Amino acid sequence: MMVKTALVLLPVIASALHLPSTIISSNEISRRSVVSTLIASSTATVAYSSTSSLIPAAAANASDESIGKVTLNSKNKKAFPLASFGLQVYDDDTAYRLTLTALEVGYRNFFASVLAGNQRGFAKAVKASGIPRDELYICGTVLSNRVSGEVAAFEKTKQGCLENMAAMAAGNIDKLDMIMLDYPGPNDESIRGQWRAFEEMTSKDKTVDDLAVSNFSPSQLDAILANQDATKPTVNQLPYSVANHPKGMLEYNAKRGILVQSWSPLSRVLPRYGDVLDVIGKNYGKSSAQVGLRWIVQNGAAFSTQSKKRSHFEEDLNVFDFTLSNDEMDKITQLAAQLLSAFIVGSASGFSMTMKAQTGSNSRREILQKGAAIATAIAAPAAANAYAVPDLNYPFEALEPYIDAPTMKIHHDKHHATYVANINKATEGKDEVDIVALQLNALEAGPAVRNNGGGHYNHAFFWDEMAPPDEAKKTKPSAALEAAINKSFGSLDEMKAAFEARAAPGALFGSGWVWICVSGDELKLVGTPNQDNPLMKGVADSVMFPILGLDVWEHAYYLKYQNRRPEYVSNWWNVVNWDKVSENFAYVTEKKAGVPVRGGMNMMVKTALVLLPVIASALHLPSTIISSNEISRRSVVSTLIASSTATVAYSSTSSLIPAAAANASDESIGKVTLNSKNKKAFPLASFGLQVYDDDTAYRLTLTALEVGYRNFFASVLAGNQRGFAKAVKASGIPRDELYICGTVLSNRVSGEVAAFEKTKQGCLENMAAMAAGNIDKLDMIMLDYPGPNDESIRGQWRAFEEMTSKDKTVDDLAVSNFSPSQLDAILANQDATKPTVNQLPYSVANHPKGMLEYNAKRGILVQSWSPLSRVLPRYGDVLDVIGKNYGKSSAQVGLRWIVQNGAAFSTQSKKRSHFEEDLNVFDFTLSNDEMDKITQLAAQRESFDRIVNY
């Protein structure tokens, strides 16, 4: 997940290196000084224009950046336009139309990927345009990363080269300006085979001038450059942007004479930083997108964008007539300034730098030790999984009123994430297989792969076929798809009617999916149970290729529609993106394969240690070669804790219970007393009810009570508070032995009055639901999410305070997913009732610096939601080894780590054994070394993505 970096390390570095004690503010030192040091210490030669443009001289022999062109470091002296149009997965007709639009607007650089499957449409448009071939820069691509061995890689790449030329021949294009490897092969031997085939295109076939790569790490580049006679790549296409600019990415490539071209240059940028970029853009009459692209160009990179709108084509190309100031460049860089290298790095030494040793008061050994401690802490390796949950292309609320935001959030962040975690666990230690390929033999692979691999593919497919209603209504089936629909169903309306009938509860009993698939030369309507899909051999009469699919599991609609599934299905057509469905149809009819989905397979990444020499130089410390292996992270972690202003109390067993958050604790039996007037014990382990029906909630609550749970988080999002309340009543357990928390969701209304009224309504609904179990008072009520602004938050909180002061129906007030600034919107009023708990996604896999300390300082206990999500698939083996010392499971070790760090947790399950396991974490204590080891598994120097800068 993309995150903002918290500026916290300079004080730590100063302390760890025993610098003169002074308060170091990150605002006093411009990042440009550090960046300049990095560039200056590199052996790469860089040329600065008077307009602050950084064009690596080693990568570009000459540049005319003012008109958006450079000359690459190759024998071909043809100008390379910095702005490129990259064709995506359209059918040939769409590619033809969009290419003509791009040419009319002024694009002259085109990236026609083999992955898009529409090079013929592109080539025909080039021919039809009448623009002279020598005015265009055309790049083709080859995908040959799945074969291993030099000979096999050579043959696969050679085949791809020939396919490129055959496709381009549709536009009488007999020579390419560039050809690019979409991905590197699995090892050095394979990469050499890929590159040998490319070199034959330039030396033997004479069908290409420049060679390029995409998604290549330093070690993978060096697999090519180790041969001094090899043709050097001229371009490396990488995901470089305002939101993702790892240190060393540009410099490493420039040193080797390679220009970085950004793919997806605006992805995740505008939703996160659009407001800031927009303010800067107003100084020049430019949009936020144009500022984001200009930042890329001034940092010395090119970019490739894609769009379907002429206005966006024009906007993206019009970034060469203004120059951002140094201060503006700094400000933009700092929006997501990344201390860690997220670049796909094969070797940490690939980014290491050697500086001349200088004499100083510190010995070389001391500098080595202190420097290594910092470098190690900064550069903790990031774990990677085979599969990932893709971000949505739209906000959670974008599909309303047809699909509501709470459903989308739970569906995406909880249900889909669970499938991904489980499929990663099921395939751990095995060869990575793309999620599409995994479907074919899923039934033979067993339930874990079938259910979770299918669940991941189905949901990734589902998200991308939808669009906000205003956008969806502008789309329609392509001519080819419409003809196929008419042939198979009679008309689009008849297809919809048949689809709705197949999705009805009587036709598809229980949970599952409904699909429109390509089968041979016709379309077929298929229903599949659970997470099965027609790509799986054995599910249908034959393997079929879905182009449209609908999730009819209850979790996809129940919060809004309850048992009215037909209404959900009928309304769903309002958010179907027929452009995407048409693209799916074009893809599967040509490829005879399943549609690729995002999150299908991640590349393994390693982080590089690059900052320590830079920091040493920027702070004028003695410079030396730094080894990251000479000291543990512990000294820096200790320094960070020591420098924190939060008050913490350590027990002899290393348990860290924030003193400000808990007045008294009996952690050995899993209870604390919160910082409130209510002195009732708060159990650290809570059972959080998820989206079950009332009957399931009733049954699981009774199980949890039998096992020993006494703390319950009954969320309004779950929609089953009545079932929970009835179980409490039926159990016969005295009410005063239970700690019950209800929740209110009122984050979608703006303004103090509106937020107050919405929250008050939610409070009353909680009490009405709890009355089903004769529960007339709650121990706690929690805001599920903060309102959109401070005024709204104050309105929410005023309604909560009335529950304690006026209605007397609640003792403690709490929040969930609140950032520091959102907490301060409450605490700015000194007379306000303080929140006692902030429920956050704190875990072994996600523990941003400052999260616990910031809350503890304000007397707030952090309660972890989703405490094991992404933990067991990534770190289960390590936790399991530690657990064997105590006869505990990996899950128990993960929960114990949370408790010893001073937080509570809320878990959920449907299995009694899991209830018992999760509750049984208070009879052992992890050692300091074990706590450190676990912390270092995913040591985070960045803030939580959805929470503002802890």
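Numbered according to mature numbering (1 follows the signal peptide of the UniProt record, and there is no 0), the sequence shown spans residues -16 to -1, 1 to 934. Note that the Cβ used here is the ideal one computed from N, Cα and C, for glycine as well. Predicted model only: the values in this text are computed from it and were never measured.
Residue i - DSSP class collapsed to helix/strand/coil
i: I759; result: coil
i: N220; result: strand
i: K409; result: helix
i: A444; result: helix
i: Q920; result: helix
i: M528; result: coil
i: V553; result: helix
i: M520; result: coil
i: S850; result: coil
i: N695; result: strand
i: N773; result: coil
i: I157; result: coil
i: V560; result: strand
i: V579; result: coil
i: S246; result: strand
i: K53; result: strand
i: A137; result: helix
DSSP beta-bridge partners of residue i
i: I163; result: G124, L195
i: Q255; result: Per the sequence shown, the amino acid found at residue 255 is Pro instead of Gln. Answer by DSSP bridge pairing: none, since P255 is not bridged.
i: F94; result: F69, I122
i: W499; result: V510, G533
i: G241; result: G241 pairs with nothing; no bridge assigned.
i: D796; result: M764
i: N822; result: V799, V846
i: N830; result: S827
i: S225; result: N228
i: T186; result: According to DSSP, which records beta bridges pairwise, T186 is partnered with nothing at all.
i: A63; result: T55
Residue i versus residue j - alpha carbon distance
i: F200; j: R81; result: 32 Å
i: K270; j: Y826; result: 40 Å
i: Y541; j: A463; result: 32 Å
i: S660; j: P819; result: 9 Å
i: G121; j: F64; result: The sequence given here places Tyr at residue 121; Gly does not occur at that position. In a straight line, the C-alpha of Y121 is about 7 Å away from that of F64.
i: D679; j: G707; result: 6 Å
i: T793; j: F380; result: 32 Å
i: V219; j: V54; result: 12 Å
i: A286; j: L243; result: 8 Å
i: T909; j: T891; result: 20 Å
i: S295; j: T85; result: 10 Å
i: R176; j: T125; result: 17 Å
i: L903; j: N695; result: 11 Å
i: G133; j: E173; result: 6 Å
i: A922; j: R858; result: 10 Å
i: F446; j: L532; result: 8 Å
i: N302; j: A109; result: 23 Å
i: P217; j: D194; result: 8 Å
i: Q103; j: L376; result: 28 Å
i: I115; j: V89; result: 13 Å
i: Q282; j: N60; result: 24 Å
i: V553; j: E298; result: 39 Å
i: residue 982; j: A405; result: Given that the chain is displayed from residue -16 to residue 934, the structure contains no residue 982 and the question cannot be resolved.
i: G834; j: G878; result: 20 Å
i: A888; j: M751; result: 25 Å
i: residue 1002; j: P832; result: Outside the displayed range of the chain (-16 to 934) lies residue 1002, so it cannot be described from this structure.
i: P530; j: A482; result: 16 Å
i: Y769; j: F802; result: 7 Å
i: V865; j: A421; result: 33 Å
i: E119; j: L71; result: 19 Å
CB-CB length for residue i against residue j, believed under 8 Å
i: Q245; j: Q221; result: 5 Å
i: L762; j: C725; result: 7 Å
i: V828; j: L845; result: That pair is no contact at about 19 Å.
i: N470; j: W499; result: The Cβ separation is near 19 Å, so there is no contact.
Segments assigned beta strand (DSSP E), at least 3 residues, entirely inside the region 853 to 915:
888 to 891
(request) Write down every uninterrupted run of the beta strand (DSSP E) in the region 259 to 313 whose length is 3 residues or greater and which is fully enclosed by it, in chain order. (result) 286 to 289
- Item | Any alpha helix (DSSP H) of 4 or more consecutive residues that is wholly inside the region 435 to 490 | 438 to 448, 453 to 456, 463 to 473, 476 to 487
- [ ] Report the residue ranges of all beta strand (DSSP E) runs contained in full by the region 663 to 737; include only those spanning at least 3 residues, in chain order.
- [x] Qualifying beta strand (DSSP E) stretches, in chain order: 665 to 667, 669 to 673, 695 to 698, 723 to 728.
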